[in-house]
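Written out below as structure tokens is the structure these notes cover.
2 protein chains.
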Amino acid sequence: MGLTKTEIFTEEQNQMAALLKAMAHPARIAILQRILKSNTCICGDLVEELGLAQATISQHLKELKNAGIIQGTIEGVSICYCIEPKTWKLLQNQLGDFFASYKGEQNCC
Amino acid sequence: MGLTKTEIFTEEQNQMAALLKAMAHPARIAILQRILKSNTCICGDLVEELGLAQATISQHLKELKNAGIIQGTIEGVSICYCIEPKTWKLLQNQLGDFFASYKGEQNCC
DNA sequence: TTTATATATCGTAATATTGCGATATATAAT
DNA sequence: ATTATATATCGCAATATTACGATATATAAA
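From first to last, the protein sequence lines are chains B and S.
In terms of the numbering used here, the first sequence opens at residue 58 and continues consecutively.
In terms of the numbering used here, the second sequence opens at residue 58 and continues consecutively.
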């Protein structure tokens with residue numbers, strides 16, 4: 058087929074997968090790192106700093122925005138992007154719990 | 058085009074994206090949750106518990122294995138899967154740092 | 001109002017992912 | 001050696017992603 062069977066998974070599993078997927082691209086990691094560094098970031102700066110076309114950057118920003126990971130505000134002619142705190146903290150906690158639940162190598166194979 | 062321009066990103070960005078991508082599917086989240094819960098997991102159990110065909114589960118396991126997130130050991134006729142501690146801790150630390158580097162909503166837009 | 005600048009959207013080609021039936025492989029039991 | 005069981009791989013169809021040129025839109029300046 059070619060489409061994920063979301064209906065057989067829990068809401069939490071689908072949500073976590075969607076958020077991870079939104080982050081799972083080197084360009085989007087780079088964009089987030091850039092935003093984390095200066096708290097804020099104008100779209101145009103990314104086009105210069107990463108080596109991707111403007112349309113491509115815009116598309117990556119859209120994906121991060123659709124996932125709720127970043128938010129954008131109109132600032133004159135340009136648009137200022139920054140982290141969406143709610144989703145950020147949610148994912149931070151979810152992933153924190155997820156990774157911490159590993160009990161180590163005992164009884165492993 | 059349709060292929061990621063890995064050459065313009067850092068090794069770290071590419072690696073992190075690859076690991077996140079391997080986890081970014083509800084079935085693979087479910088598989089990891091199952092392994093985390095009982096430390097270990099036989100492939101056949103997953104086929105029963107999740108509602109996916111044996112070929113599909115096997116493919117998801119392969120992706121997690123290729124990414125280095127899990128490891129498999131032959132155990133008689135079946136195969137026992139468990140977490141690969143090194144990669145797990147690496148990703149845990151990387152993501153921990155990444156999320157913690159968010160300085161909050163000050164100077165945001 | 002016209003022009004310049006910044007960003008978004010459209011359309012498209014190349015490639016990747018998802019899921020599964022069919023089949024291959026590999027170990028254990030008879 | 002044959003048979004049963006568990007897992008992997010192949011091949012394929014449907015769909016999604018990636019990247020980008022071209023174009024649309026929207027704000028600011030002249």
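Ideal Cβ placement from N, Cα and C applies to all residues, glycine included.
Treat the numbers as computed from the prediction; the structure is a model and nothing was measured.
Secondary structure of residue i, DSSP reduced to three states
i: N150 of chain B; result: helix
Exercise for review: Please specify which runs of the alpha helix (DSSP H), each continuous and at least 4 residues long, are wholly inside the segment 58–146 of chain S, giving them in chain order.
Suggested key: 68–80, 83–95, 100–106 and 111–123
Practice item. Evaluate contact between the segment 145–157 of chain B and the segment 110–118 of chain S, counting only Cβ atoms and requiring at least three cross-stretch pairs below 8 angstroms. Key: no
Point to revise | Residues of the segment 128–144 of chain B with Cβ closer than 7 angstroms to any Cβ of chain S, in chain order | key: T130, E132, C137, C139, I140 and P142
Point to revise | Cβ pair count under 8 angstroms reaching 3, the segment 119–127 of chain S against the segment 81–89 of chain S | key: yes
Review point. If contact means a Cβ-Cβ distance below 8 angstroms, which residues of the segment 103–117 of chain B contact chain S?
Key: L107, G108 and L109
Practice item. Indicate whether the contact test is met: 3 or more Cβ pairs, each with one atom in the segment 136–144 of chain B and one in the segment 69–78 of chain S, closer than 8 angstroms. Key: no
**Study point:** Residues in the segment 73–85 of chain B having any Cβ partner in chain S nearer than 9 angstroms
**Key:** M73, A74, A75, L76, L77, K78, A79, M80, A81, H82, P83, A84 and R85
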